[in-house]
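Taken in order, these protein sequences are the chains called B and R.
Per our numbering, the very first residue in the first sequence carries number -10; after that it's consecutive.
Per our numbering, the very first residue in the second sequence carries number 27; after that it's consecutive.
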Amino acid sequence: MNVELCRAWMVRFAELIDADAGRLTALDAAIGDGDHGVNMQRGMRAAVAALDESPPETPGRVLIATGRALVAKTGGAAGPLYGTAFRRAGKALADTESASAAELGAALVAMLGGIQELGQAAVGDKTMVDALTPAVSAFEAAAGDGLGAAVEAAARAAAEGTAGTVPLQARKGRASYLGERSIGHEDPGAASTALLLRALAEVTAAS
Amino acid sequence: MTVGVVLVSHSADLAAAAAKLAGELAGPATAVLAAGGSEDGRFGTSIEKVEAAVSAADTGDGVAILMDVGSAVLTSKALLADLPEEAAVRLVDAPLVEGAIAAAVTASTGQDLDAVVAAAEQARGMRKL
């Protein structure tokens, strides 16, 4: 993944968030505070604007700049969580001009680590971790077959992980106060995480 | 100069009122600053507001940050991760109002950051009845 592909990933993620903002907000209205779509839209628009304003020169810098914009502009728990995720992933890529499948895999591991360190969520808590954890595993399992295969496997696993949050009872965030009433709803953070991996698969397939 | 206190809440009104209450009890020598609400005046938290409050509250003796819930905690943790390791800024695991009062009053007596954090965290187990 070179800097153009990484930038395209962020732009495509912003587009998918735009297209699905209503759905994300509706998911959040069911068990959260009903602002996830709007917040992510604001954050990713600010991120793309920041990338346009001063174009970073490496994939790692693209992710760090995106993370910085998300922390500052997203609002809600998604700001610090996604912001930390992107900055950790960017730092993991360091000064690489073109990241291999293995290097991108390590960046996704760092992304997951940052989210878990900050939010203290485990698999099964009905959070974005339930989408990202299987995505990282699927990516690593398929990385030997090349970047295209790895990102497609990751995107599918993230979507499956997101669907798998429906029967779960939330143990983090506002939804956790709902107890059993959180069961039966898809987690909005997992849903936006699935879009992130879908965006990665799409731009990689098109490159 | 004393340890400063920063209160992070989803509500700008709540943070401001709690800061005023704790500041009143502590007296004028202790900075108790509010960082509430989102950047554009809605409910939420803003890392820029928290950062500005921390830097304004820090008179050289360090800063104790108290948070309400959810993104207030995550935003404060994210800010701390960005600060240099030697920065004397600590997150306090305590209820916002009770912790703020304990922190501010302890700070006003001139005690150090460790003592302020410890006093505020005692508020977590403080019985009222």
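Where is the CB? At the ideal position from N, CA and C, for every residue including glycine.
For Ala60 of chain R, the beta-bridge partners assigned by DSSP are R:Leu33.
Runs of the alpha helix (DSSP H) lying entirely within the region 59 to 140 of chain B and spanning at least 4 residues, in chain order: 67 to 82, 90 to 108 and 118 to 131. Going by C-alpha positions, Asn(-9) of chain B is about 6 Å away from Glu86 of chain B. Under the three-state reduction of DSSP, Val118 of chain R is assigned to strand. Counting the other Cβ atoms within 10 Å of the Cβ of Glu111 of chain R gives fewer than 16, which makes it exposed. Thr135 of chain R is outside the set of residues whose beta carbon lies under 9 Å from a beta carbon in chain B.
Excluding sequence positions up to five before and after Val155 of chain B, its CB lies within less than 7 Å of the CB of Gly173, His174 and Glu175, all in the same chain and listed in chain order.
Ala39 of chain B sits in a helix when the DSSP states are folded into three classes. In the pairwise beta carbon analysis, the region 5 to 21 of chain B is classified as not touching the region 47 to 62 of chain R: fewer than three pairs are separated by under 8 Å. Bounds of any beta strand (DSSP E) do not take in Met27 of chain R, whose DSSP letter is neither H nor E. If you compare the alpha carbons of B:Thr193, B:Ala188, B:Ala159 and B:Gly168 with that of Pro177 of chain B, the shortest gap goes to B:Ala159. Nothing from the region 112 to 124 of chain B brings a Cβ to less than 7 Å from some Cβ of chain R. Annotation: Ala129 of chain R to Asp24 of chain B spans about 33 Å, alpha carbon to alpha carbon.
In the three-state scheme derived from DSSP, where H, G and I count as helix and E and B as strand, Val95 of chain R is classed as coil. With respect to Ala98 of chain R, His36 of chain R sits close: the two C-beta atoms are nearer than 9 Å. One finds Leu100 in chain R with Cβ atoms closer than 7 Å to the Cβ of Leu70 of chain B, taken in chain order. At the C-beta level, Ala60 of chain R and Thr28 of chain R stay beyond 9 Å of one another. In this structure, the straight-line span from the alpha carbon of Trp(-2) of chain B to that of Val31 of chain R is close to 41 Å. Note that the region 68 to 87 of chain B does not touch the region 123 to 136 of chain B; fewer than 3 beta-carbon pairs, one per stretch, sit closer than 8 Å. Here DSSP, grouped into helix, strand and coil, assigns Ala159 of chain B to coil. In the DSSP assignment, Asn28 of chain B is bridged to no other residue. By the CB criterion at 9 Å, Val34 of chain R and Gly88 of chain R fall outside the cutoff.
Proximity of chain R to Ala66 of chain B at the Cβ level (cut-off 8 Å) is accounted for by Gly96, Ser97 and Leu100, in chain order.
DSSP places Ala144 of chain B within a helical segment (H, G or I) once states are collapsed to three. Residue pairing by DSSP places Val89 of chain R opposite R:Gly30 and R:Val115 in a beta bridge.
A residue is called buried once 16 or more other Cβ atoms fall within 10 Å of its Cβ, and Ser196 of chain B, having fewer, is exposed. Close partners of Ile73 of chain R in chain B (Cβ separation under 9 Å): Val60, Ala61, Gly68, Pro69 and Gly72. Put simply, the backbone Cα of Ala82 of chain R is about 47 Å away from that of Leu136 of chain B. Sequence-ordered contacts of the region 103 to 121 of chain R with chain B read Lys103, Ala104 and Ala107 [C-beta pairs closer than 8 Å]. Here the C-alpha atom of Val112 of chain B lies approximately 14 Å from the C-alpha atom of Gly103 of chain B.
Closer than 9 Å to the CB of Gly70 of chain R there is at least one CB belonging to chain B. If you check the CB distance, Val140 of chain B and Leu186 of chain B come in under 9 Å. In this model, Gly136 of chain R and Ala114 of chain R are separated by some 15 Å (Cα to Cα).
Between the C-alpha atoms of Leu105 of chain R and Glu77 of chain R there is a straight-line separation of about 7 Å. Residue contact with chain R for Gly108 of chain B: present (Cβ-Cβ distance below 9 Å to some residue of chain R).
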